[in-house]
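Novice:
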């Protein structure tokens, strides 16, 4: 019976530590922000239109 408790506790501890997030997974930049690399005039004008629609439409 003691072995079952030890195995259960060990399995619980291992599952707990394995399920914790220890790595930063969101390494991407926000694709909605305009950067120097993505400053194509079409994209800039599209962003202006989307922002205007959001302001006027109230999101």
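In the working numbering, the protein residues as written are 276 to 334.
Glycine included, each C-beta is placed from N, C-alpha and C at the ideal position.
Being a predicted model, the structure only gives us computed values, none of them experimental.
Check residue 310 in the structure and name its three-state DSSP category.
Specialist: Three-state result, residue 310: coil.
Novice: Grab me the residues of residue 279's own chain with a C-beta within less than 7 Å of its C-beta, minus the 5 sequence neighbours each way, in chain order.
Specialist: For residue 279, where only same-chain residues beyond five positions count, there are no Cβ hits under 7 Å.
Novice: Taking the continuous alpha helix (DSSP H) assigned at residue 322, which residues delimit it?
Specialist: Here the alpha helix (DSSP H) through residue 322 covers 316-332.
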